[in-house]
Each structure stands twice: as C-alpha cells, then as structure tokens.
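Asks: For the sequence shown, the residue numbers in numbering that gives the first Met the number 0 are 0 to 359.
Where a beta carbon is used, it is the ideal one built from N, C-alpha and C, also for glycine.
Let me give you the structure first, and then I'll get to my questions.
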Amino acid sequence: MSKTPLHSTILSVPAVLQDTSPLFRDLPAEVRSSVFALVLTDYESDEQYAAETCYKRPHYFSPRKTDTALLRTCRAAYAECWFLPFVLREQSHWLTAPDRAPPEYRMQYTSMRMSRRQRNRMAQASLEPQEQDHMSKASLASQLQQIKKQRGSDEIVEIEGLRVFAQMYKLEGGNLAGLLNTPGLYPRRVTLTIRHADWWYWESDEPLRFEAGWIKAVCDVLPSSVRELRIELESLERKKDQVDSIAKQMREKWFFKRTDDAALLPDVTGRNVEVSRWSGTSTWHNKRWVRDETAPGRIDYYVLCVPFQLQHVVERKGGEVSDETIRAARDNAFDNHKMRLFTEKRPTETASTIPSYVPA
C-alpha cells in the first residue's frame, strides 16, 4: 500500500497567516513568485562527472541541483512554490544507449526492473527536494499529474524547457515523438542535441547526414505550448564545413507543426544561428580516439544551433523565412526524400592514415 506523498501531507495542513512577514504582507503574489523563481532555479553541483564520458559537456559538467532550503522555512512559502523546482528546471532526457547517459539517469533502466513497492517509494519521493535529477517518461508523467491535481486547476502546467540528447537510431525510431507524447507535458522550449558520437557511423568518420522521417511523428504530438524548437548540431572542429552545410540545408528545408497547426520555422538567412566551441577528452570506453585529436588527449568540438520559431517572431528579429518552407508547412508536405540532409567528405576533411583509436 503506497503512502501519501510528503508534499500532499504538508499541504493538507493550513499555513499559519504570515501577516507580520514583509515578504507576505507587503509583496504581491506576482512579485513573490519572481523572487521564489530566482531562489529555486537549478545550478550545476560541485560534484563533477568523470572526464572520460560522452555526456560531460558545457552545462553538463556535473549533475544539476536545486537549493530547496526555502521550501523548509514555512508552510506558506511551501504552498506557493513547492512545484517550482520542477517546472523551472530544464528537464533533460537521454534517448541513447544507457552508457551514453549520466549515472543518475541510467538508474531509470534499473527502476524498470524494480518491484511495485520499490517503484512506489521512488514515486513518493519524486517531488521531495530534488533527490532525483532526471526522470523516465513514466516518472515525468506522474510528476505532472501530481502538480496539476494539487493545484486543483484545469489549466495546463507548462515547464520552461525540455532538452533531449538523442542518438540517431533512437531519434529515427520515434523515441522523441514518444517522449513528447507524455500526458501533461507542455514545454515552452524544446532543444534537441545531436552530439559528435550520436551521428551515424561517427566511428568510421563517415560524412554527416540527417534523415527526416521522424519529423512528422514529432509534429503530430508537438504541443501548442512550444514557442521555440532548437536543434543543436555538434561534431569535430575539422568537420565544421559539414555541420554548416547540414544547418544551411535545415534552414532551407525543415519546419515543425504544432498540434494547433501553427508552424515553427527557421530563419533562412542564418542570422540567428548560435555557434559555440568547446574541448574535451579524446578517451572514452578505454579507447583514445587519436584520429580526432587536435592535441594529445584533446578533441575540439564545433557546435551550431538552429532555432525554429513562429514566423512573426523570426521576422520581428530581422530574419526571413523562405517561401518554399512556408508552402511546405501550409501543405503539410513532409517529404522525407526532399527533407533529407547530407554532406560529402571533402579531400581536406579526410583524416590522416593513423589509426582511429588506440587503447587508453
């Protein structure tokens, strides 16, 4: 028999009137909400991930955590913001093989094999002060349902962001559409990140390519809450031209439709793309990828992000949307062949004759 979640027990007792507190006496609820949001925004913890992994990267050098001391001050504060650590946090999911996700996320696979009693215990703890940083689809749905039920409202519960790291075989297999179809999931921003080791046949240094057969299924479940969909493309610095080519084709060919029929479109000029670079270890799974090194033990990465937004938002920011993309979105023309993105390896991009990797 499952116990009542702690947050439900706390909220079942009326809060003491805080009429002597300037926070509650003088500040309106809207201002308090902004203050609480600043306090409860998540941040990277001091405990670093191991360097020799493929999930340690900018903004993910360590597990993210939330300081929830505010929730322990009084029932009045708890009642107003107990759900904020969840809705403010960018919910991160790895649609990958288990070894490509952080250990706290890999626990989800173990939990699937737990007994019902063990799963109930995890569910009861899921909304307590951020003991779990990542959730499976089932846990995510459970959290959203609990928040909506506790708030006693028919309005949807929007979360700030959903970030998905996906290997190509998982993406093309429909896993992103499956995640977005989670009951009650209404993100305002969706970010899809394709890392260097997520591309097809990266081990063989194959030219980059991006299939489009998965897009229609995503559009069938993409909620109207999504204001922006971002696609991050990461590869080696020496493959910069390939990444740029994929991004250019994407801006010319791709679009996304929400369930309310509104289209999210890219700026064809590329003025709003975001470029970043970072360096990481060349060792993973006891292999040192010397082929890709720019210095002993180091790989340099090139990252480009293509945003998709409503047409008036793109144009208001000085961008342009191609007529071809507008027509395709209007006609729901999801042509997998035309939307396929591909590159060809150039002589200057060919790696040297040294082996791809050596034992670490």
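1) Run through DSSP, which three-state label would Y339 get?
2) Are the stretch 248 to 255 and the stretch 282 to 294 in contact at 8 Å, needing three or more beta carbon pairs?
3) What is the DSSP secondary structure of Q107, reduced to helix, strand or coil?
4) For a quick check, are the C-beta atoms of A14 and A75 less than 8 Å apart?
5) In chain order, what residues of the same chain have a beta carbon less than 8 Å from the beta carbon of L320, not counting five sequence neighbours either side?
6) Could you pull out every residue in the same chain whose Cβ sits closer than 6 Å to the Cβ of T324, ignoring the five residues on either side in sequence?
7) Looking at the secondary structure, which residues open and close the alpha helix (DSSP H) in which Q364 lies?
8) Assuming R63 and E79 make a contact with CB atoms under 8 Å, what is their CB distance in whole Å?
9) Excluding the five sequence neighbours on either side, which residues of its own chain have a C-beta within less than 6 Å of the C-beta of N335, listed in chain order?
10) Which full runs of the beta strand (DSSP E) of 3+ residues lie inside the stretch 70 to 100, going along the chain?
11) In angstroms, rounded to a whole number, what distance separates the CA positions of I158 and S355?
12) What's the C-alpha gap between P102 and G177?
13) Tell me, please, which residues DSSP counts as bridged to D299.
14) I193: which of R24, S61, C218 and Y54 sits nearest, CA to CA?
15) Near D187, which residues of its chain fall below 8 Å by C-beta distance, leaving aside the five closest residues on each side in sequence?
16) Grouping DSSP H, G and I as helix and E and B as strand, with all else coil, what is S234?
17) Just tell me which of Y48, D243 and S275 has its CA closest to the CA of G269.
18) In the DSSP assignment, what are the bridge partners of G269?
19) Under the three-state reduction of DSSP, which class applies to F255: helix, strand or coil?
20) Distance, Cα to Cα, S11 vs V189?
21) List the residues that DSSP assigns as beta-bridge partners of W199.
22) Leaving out five residues before and five after C218 in sequence, what residues of the same chain have Cβ atoms less than 6 Å from its Cβ?
Replies: This is what the structure holds:
1) Note that residue 339 is Arg in the sequence shown here, rather than Tyr. Three-state result, R339: coil.
2) In short, these stretches do not touch, since the Cβ pair count stays below three.
3) Its pLDDT being 49, under 50, Q107 is placed unreliably in this model, and the coordinates cannot settle the point.
4) Taking 8 Å as the Cβ cut-off, A14 and A75 qualify as a contacting pair.
5) Here residue 320 is Val; the residue named in the question, Leu, does not match the sequence. Cβ within range, chain order: L264, P265, D266, V267, Q310, V313 and E314.
6) Excluding its 5 nearest sequence neighbours in each direction, T324 has C-beta neighbours in its own chain below 6 Å: F254 and L264, listed in chain order.
7) Since the first residue of the chain shown is 0 and the last is 359, residue 364 is not available in this structure.
8) With a beta-carbon spacing of about 23 Å, R63 and E79 fall beyond the 8 Å limit used to define contacts.
9) For N335, where only same-chain residues beyond five positions count, the Cβ hits under 6 Å are A211 and G212.
10) Within the stretch 70 to 100, the complete beta strand (DSSP E) runs of at least 3 residues are 89 to 94.
11) Between the C-alpha atoms of I158 and S355 there is a straight-line separation of about 42 Å.
12) C-alpha separation (whole angstroms): 22 Å.
13) Under DSSP, the beta-bridge partners assigned to D299 are S278.
14) Here the closest residue by C-alpha is Y54.
15) The sequence given here has Arg at residue 187, not Asp. Contacts found: E157, I158, E159, G160, S224, V225, R226 and E227.
16) Annotated three-state conformation of S234 is strand, per DSSP.
17) The shortest C-alpha separation from G269 is found at D243.
18) BP columns for G269 are empty, so no partner.
19) Residue state, collapsed to three classes: strand.
20) Approximately 34 Å between the Cα atoms of the pair.
21) According to DSSP, which records beta bridges pairwise, W199 is partnered with nothing at all.
22) If we look at C218 and ignore the five residues flanking it on each side, its Cβ neighbours are F255 and K256.
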